[in-house]
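Engineer: Dumping the structure here so I can ask a few things about it.
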Amino acid sequence: MPAVSKGDGMRGLAVFISDIRNCKSKEAEIKRINKELANIRSKFKGDKALDGYSKKKYVCKLLFIFLLGHDIDFGHMEAVNLLSSNKYTEKQIGYLFISVLVNSNSELIRLINNAIKNDLASRNPTFMCLALHCIANVGSREMGEAFAADIPRILVAGDSMDSVKQSAALCLLRLYKASPDLVPMGEWTARVVHLLNDQHMGVVTAAVSLITCLCKKNPDDFKTCISLAVSRLSRIVSSASTDLQDYTYYFVPAPWLSVKLLRLLQCYPPPEDAAVKGRLVECLETVLNKAQEPPKSKKVQHSNAKNAILFETISLIIHYDSEPNLLVRACNQLGQFLQHRETNLRYLALESMCTLASSEFSHEAVKTHIDTVINALKTERDVSVRQRAADLLYAMCDRSNAKQIVSEMLRYLETADYAIREEIVLKVAILAEKYAVDYSWYVDTILNLIRIAGDYVSEEVWYRVLQIVTNRDDVQGYAAKTVFEALQAPACHENMVKVGGYILGEFGNLIAGDPRSSPPVQFSLLHSKFHLCSVATRALLLSTYIKFINLFPETKATIQGVLRAGSQLRNADVELQQRAVEYLTLSSVASTDVLATVLEEMPPFPERESSILAKLKRKKGPGAASALDDGRRDPSSSDINGGVEPTPSTVSTPSPSADLLGLRAAPPPAAPQAPSGAGNLLVDVSSDGPVAQPSLGPTPEEAFLSELEPPAPESPMALLADPAPVADPGPEDIGLPIPEADELLNKFVCKNNGVLFENQLLQIGVKSEFRQNLGRMYLFYGNKTSVQFQNFTPTVVHPGDLQTHLAVQTKRVAAQVDGGAQVQQVLNIECLRDFLMPPLLSVRFRYGGAPQSLTLKLPVTINKFFQPTEMAAQDFFQRWKQLSLPQQEAQKIFKANHPMDAEVTKAKLLGFGSALLDNVDPNPENFVGAGIIQTKALQVGCLLRLEPNAQAQMYRLTLRTSKESVSRHLCELLAQQF
1 MPAVSKGDGM
11 RGLAVFISDI
21 RNCKSKEAEI
31 KRINKELANI
41 RSKFKGDKAL
51 DGYSKKKYVC
61 KLLFIFLLGH
71 DIDFGHMEAV
81 NLLSSNKYTE
91 KQIGYLFISV
101 LVNSNSELIR
111 LINNAIKNDL
121 ASRNPTFMCL
131 ALHCIANVGS
141 REMGEAFAAD
151 IPRILVAGDS
161 MDSVKQSAAL
171 CLLRLYKASP
181 DLVPMGEWTA
191 RVVHLLNDQH
201 MGVVTAAVSL
211 ITCLCKKNPD
221 DFKTCISLAV
231 SRLSRIVSSA
241 STDLQDYTYY
251 FVPAPWLSVK
261 LLRLLQCYPP
271 PEDAAVKGRL
281 VECLETVLNK
291 AQEPPKSKKV
301 QHSNAKNAIL
311 FETISLIIHY
321 DSEPNLLVRA
331 CNQLGQFLQH
341 RETNLRYLAL
351 ESMCTLASSE
361 FSHEAVKTHI
371 DTVINALKTE
381 RDVSVRQRAA
391 DLLYAMCDRS
401 NAKQIVSEML
411 RYLETADYAI
421 REEIVLKVAI
431 LAEKYAVDYS
441 WYVDTILNLI
451 RIAGDYVSEE
461 VWYRVLQIVT
471 NRDDVQGYAA
481 KTVFEALQAP
491 ACHENMVKVG
501 GYILGEFGNL
511 IAGDPRSSPP
521 VQFSLLHSKF
531 HLCSVATRAL
541 LLSTYIKFIN
551 LFPETKATIQ
561 GVLRAGSQLR
571 NADVELQQRA
581 VEYLTLSSVA
591 STDVLATVLE
601 EMPPFPERES
611 SILAKLKRKK
621 GPGAASALDD
631 GRRDPSSSDI
641 NGGVEPTPST
651 VSTPSPSADL
661 LGLRAAPPPA
671 APQAPSGAGN
681 LLVDVSSDGP
691 VAQPSLGPTP
701 EEAFLSELEP
711 PAPESPMALL
721 ADPAPVADPG
731 PEDIGLPIPE
741 ADELLNKFVC
751 KNNGVLFENQ
761 LLQIGVKSEF
771 RQNLGRMYLF
781 YGNKTSVQFQ
791 NFTPTVVHPG
801 DLQTHLAVQT
811 KRVAAQVDGG
821 AQVQQVLNIE
831 CLRDFLMPPL
841 LSVRFRYGGA
851 PQSLTLKLPV
861 TINKFFQPTE
871 MAAQDFFQRW
881 KQLSLPQQEA
891 QKIFKANHPM
901 DAEVTKAKLL
911 GFGSALLDNV
921 DPNPENFVGA
931 GIIQTKALQV
941 GCLLRLEPNA
951 QAQMYRLTLR
961 TSKESVSRHL
971 CELLAQQF
């Protein structure tokens, strides 16, 4: 920048600022400002023309007054006039005033744009940079429309100065983030990528920031940047601190550029070219080697820059997850930071190791640091570091260390911060269930959880233990004995009373033979807690009492006396009163046989997904799913929950309700029976039906993510990297979809995982992920019988002209599916343009010699390619008005089919794909969303508004998009969810 001469000191501005600072009160300051404003106004309106210096001085004063918090309603024209000055300082002040005080709706915007165009065309690098800075600072859509086509040309022009290229790259990045649709990169793509080879490091740094943002939307267009980024990174990593003197920061060459290059590489899978991949691996090894070298400076800036590159390198190694040697080295390097004196480094090390623990290559290396992590959990002062330590213990847990980790987390729970207790409780419950060696240990663990942190044990946790005890005969007696002993404590948490009431009511007869736990003792113990409990718990205990009358007739008179008490029959709570009256009448009128039939033992619960893991994911947030899912296959696993291998006496033929999507151990050679039918079914945890709790075993999410090991693509490029497509049969070759196909499809509009279809022979599960216009879907076909399926042929069919709108590539599956086994099929999906009908899935096979066939609708709907878009209220309403044509809007008013719960509604809208915008609608009860439908041919912007009326139990849904068919279709899809 040109130096400012002494004559530009603006003494009048300095005196004014000094006067403001010397004011003794707010009133004095306002008086001085009003006096100055009057003076400036008179100067601007005077007959005498002001020179450039005076205009600059007065505009600066106005700017200073604005920064003090006062409104400025004049002086804009004088600032615009400064833009035409040939003096740098005057032009600079004009652009500064414009950037701060002129909005995009100003009447002066045309004059400003003309001045900016003149400066961009002037070829004066200083003036060009000022103009580019102003465009970036304002960043409005109007600015983008005016200059988006010119800036790429300036960026790649051969005669542009390096400083201009830097400014142009960052300005283009700002406009792209504000309005992606306005930046035309098609013809400039190759030349922008080539900027990575520029001699000027500043240009390269700015270009990397731009390319990183652009390639997230169009990865194929910028794929050539991989080799250039690796080449540039290699030159930086292998250089000495003296080679890049202008860009060396405390003996670390170009740390900011190195970090940006490493982040750019994380947008793509590992390089396919062997030479490029080898060079990149060499770079990563060099960074890890340099981390072991003694520091060249003791200053914190040196270690910060060095560690920034190291942690980004480790993130890239984790992202690739394909180099075992690098993963183990990264783990060992992070292990050295676990005891570092710097808290931030310990935090980052724990956070990175959480991700490393999910890799099969580095899991064992992470486990070697278990003692250090446990010590961090106990001794760290910072609660956030302790929370990361708990996350890492959860991630590194397997069957070999489950008891140690669970016991340490229970011990920590007694003194844990209140903010993370619920999360610790959920993790302990999940680990205890998943890795239980025997059920008695699991029961002990959950009861300890209730004893230590009862207030933080959610219903999902104690529901779960009741389900398991009910479904397992071998643990019922132990559970009854243990909970009876726990209830004898003087201070007993209400959740313990709930568990005790249920278990003793069902299985109290198993311990009634002991005089110390005779039926009267059990009743007396429970009833002593009755008056201290809430209404819900009292209702449960009344049900336990009537169960006791059936189990222990000798307690009938005592319990009837309790039920006859005025406090029960005339209870203010209608639920308790009704139960007391009905139970008293039932025990008095019904015969012994009728009573035994009505109050018989609860049957085993249906095998459904445990909602504990889903609750933990909701608590951690959507971005934490990968940290919670265990992506490893434990080679030592041999049973549904890590127990001993099944024996002939414990293995049975699968029942029709068996789940083949959870982990099933291969039967031992001596007992080649089919797997046990006590499995888990995938269900929607946010569905409106009651959530039943499953038996002990991995949840379906863990079965999908942990045991089946579908490859997890990290970029949209990987979603299409699949050979061997299977040709589509014609629509005439398949039958019509089954009658419930639409209902099954509707369940997947707002979710990606679950059971698509199930009957007594076959179960079909789905796990899918979508990014931009690409998607990958995993279909799991489970044989629920003990008979092999022959000629098993699943195919995907495109009805009508769907093939021109949606491309689906499939991989062949085995033609034989053994009894009790499952096979996996991978589908790669690309949305070419918007579509209305989903593809069809036809499954044909022979079972016992008889041909079987069914046709389903594949859960691929247009909203799967939604990209959430955040925008301010002003931008939303402006865009809403632009989409005001009748054909652009679809509206539907309909009756609520499910309970109107705000949180459930929010979850469904997020699952539908749109971003929810807060503080946009004047009515806080309404929901407002925005997003972009990504297709290969075009992008369709979408705005939605959902207005619930709780009193009338109705909704009004309004969608506006730039395409009529999309508006109608999205409106129909979303309305069916409520």
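Per UniProt numbering, residue 1 is the first one in the sequence shown, and the count goes up by one each step. Glycine included, each C-beta is placed from N, C-alpha and C at the ideal position. Everything numeric in this text was worked out from a predicted model, so none of it was measured.
For the candidate residues I468, I932, L447, R411, whose alpha-carbon lies nearest to that of K434?
Structural biologist: It is I468.
Engineer: Just to confirm before moving on: does the CB-CB distance between G500 and A486 stay below 9 Å?
Structural biologist: Contact: yes.
Engineer: Among D382, A390, A365, V383, whose alpha-carbon lies nearest the alpha-carbon of I374?
Structural biologist: That would be A390, whose Cα lies nearest to the Cα of I374.
Engineer: In chain order, what residues of the same chain lie with their CB nearer than 8 Å to the CB of D246, ignoring the 5 residues before and after it?
Structural biologist: For D246, where only same-chain residues beyond five positions count, the Cβ hits under 8 Å are M201.
Engineer: In the DSSP assignment, find the beta strand (DSSP E) that holds I932 and state where it starts and stops.
Structural biologist: Looking at the DSSP string, the run of the beta strand (DSSP E) that includes I932 is 927–934.
Engineer: Are the CB atoms of T861 and P838 within a distance shorter than 9 Å?
Structural biologist: Yes, the pair counts as a contact, with Cβ atoms nearer than the cut-off.
Engineer: Using the beta-carbon count (16 or more within 10 Å), is R110 buried or exposed?
Structural biologist: The residue in question, R110, is exposed, as its Cβ has fewer than 16 Cβ neighbours within 10 Å.
Engineer: Within its chain, find whatever has a CB closer than 8 Å to the CB of V966; leave out the 5 residues flanking it on each side and keep chain order.
Structural biologist: Cβ within range, chain order: D834, I862, I933, V940, C942.
Engineer: Per DSSP, E360 forms a beta bridge with which residues?
Structural biologist: For E360, which the question treats as bridged, DSSP gives no partner whatsoever.
Engineer: Using 8 Å as the cut-off, can you tell me whether the stretch 133–141 makes contact with the stretch 90–99, which would need three or more C-beta pairs spanning the two stretches below that distance?
Structural biologist: Touching, per the Cβ criterion.
Engineer: Which stretch, first to last residue, makes up the alpha helix (DSSP H) that contains C971?
Structural biologist: 964–975 is the span of the alpha helix (DSSP H), which, as asked, contains C971.
Engineer: Terminal residues of the continuous alpha helix (DSSP H) containing C283?
Structural biologist: Its alpha helix (DSSP H) spans residues 274–292.
Engineer: Is the beta carbon of I420 sitting closer than 9 Å to the one on V383?
Structural biologist: Yes, these two residues count as a Cβ contact at 9 Å.
Engineer: Quick one: is G677 buried, meaning 16 or more other Cβ sit within 10 Å of its Cβ, or exposed?
Structural biologist: Residue placement at G677 cannot be trusted, given a pLDDT of 34 that sits under 50; what the coordinates show is reported in the next sentence. Counting Cβ neighbours within 10 Å, G677 comes out buried, since at least 16 surround it.
Engineer: Could you name the residues of the same chain whose beta carbon sits closer than 6 Å to that of I549, not counting the 5 residues immediately before and after it, in chain order?
Structural biologist: The residues are K556, I559, S587.
Engineer: Within the stretch 195–265, note down every full alpha helix (DSSP H) run reaching 4 residues or more, in order along the chain.
Structural biologist: The qualifying runs are 201–215, 225–238, 255–265.
Engineer: So F876 packs on A930, CB below 8 Å; how close in whole Å?
Structural biologist: Right, their Cβ atoms sit about 6 Å apart.
Engineer: From L63 to L108, what distance separates their C-alpha atoms?
Structural biologist: Rounded to the nearest angstrom, the two C-alpha atoms are 17 Å apart.
Engineer: Are the CB atoms of L262 and residue 990 within a distance shorter than 9 Å?
Structural biologist: In the structure displayed, the chain extends from 1 to 978; residue 990 sits before or after that span and is not available.
Engineer: Once the 5 residues before and after V817 are set aside, which same chain residues still bring their CB inside 6 Å of it?
Structural biologist: Excluding positions up to five away in sequence, the list reads N783, F789, F792, V823.
Engineer: Using three-state DSSP, classify M409 as helix, strand or coil.
Structural biologist: DSSP places M409 in helix when its eight states are reduced to three.
Engineer: Comparing C-alpha positions only, which one of A975, L885, G849 sits nearest to I893?
Structural biologist: I893 has its Cα closest to that of A975, out of A975, L885, G849.
Engineer: Contact check, C331 vs A395 under 8 Å by CB: the rounded distance?
Structural biologist: About 12 Å; that fails the 8 Å criterion.
Engineer: Classify D473: buried if its beta carbon has 16 or more other beta carbons within 10 angstroms, exposed otherwise.
Structural biologist: Answer is exposed; the Cβ neighbour count stays below 16.
Engineer: Can you check whether the CB of V259 is closer than 9 Å to the CB of A291?
Structural biologist: For A291 and V259, no; Cβs fall outside 9 Å.
Engineer: Buried or exposed for residue 982, please, with buried defined as at least 16 other CB atoms from any protein chain shown within 10 angstroms of its CB.
Structural biologist: The chain is shown from 1 up to 978; residue 982 falls before or after that span and cannot be answered.
Engineer: Rounded to whole angstroms, how far is the Cβ of A453 from the Cβ of L413, which I believe are closer than 8 Å?
Structural biologist: With 8 Å as the limit, A453 and L413 qualify as a contact, their Cβ atoms being about 5 Å apart.
Engineer: Measuring straight from C-alpha to C-alpha, what distance separates Y320 and R279?
Structural biologist: Between Y320 and R279, the C-alpha separation is close to 15 Å.
Engineer: Using CA coordinates, which residue listed in L885, L946, H898 is at the minimum distance from L910?
Structural biologist: When only C-alpha atoms are compared, the closest one is L946.
Engineer: Applying the criterion that 16 or more other CB atoms from any shown protein chain within 10 Å of the CB defines a buried residue, is C971 buried or exposed?
Structural biologist: Answer is buried; the Cβ neighbour count reaches 16.
Engineer: With H, G and I counted as helix, E and B as strand and the rest as coil, what does DSSP make of C750?
Structural biologist: Coil, per DSSP.
Engineer: Put M353 into one of helix, strand or coil per three-state DSSP.
Structural biologist: Helix at M353.
Engineer: Rounded to the nearest angstrom, what separates G144 and C397 at their Cα positions?
Structural biologist: Approximately 51 Å between the Cα atoms of the pair.
Engineer: Determine, using beta carbons only, whether L525 and G477 come nearer to each other than 9 Å.
Structural biologist: No, these two residues do not count as a Cβ contact at 9 Å.
Engineer: Counting Cβ pairs, one atom from each stretch, are 3 or more of them under 8 Å apart for the stretch 75–91 and the stretch 48–63?
Structural biologist: Verdict: yes, contact present.
Engineer: Please determine, among L310, E323, D371, E364, the residue with the shortest C-alpha to C-alpha distance to Q339.
Structural biologist: Nearest of L310, E323, D371, E364 to Q339, Cα basis: D371.
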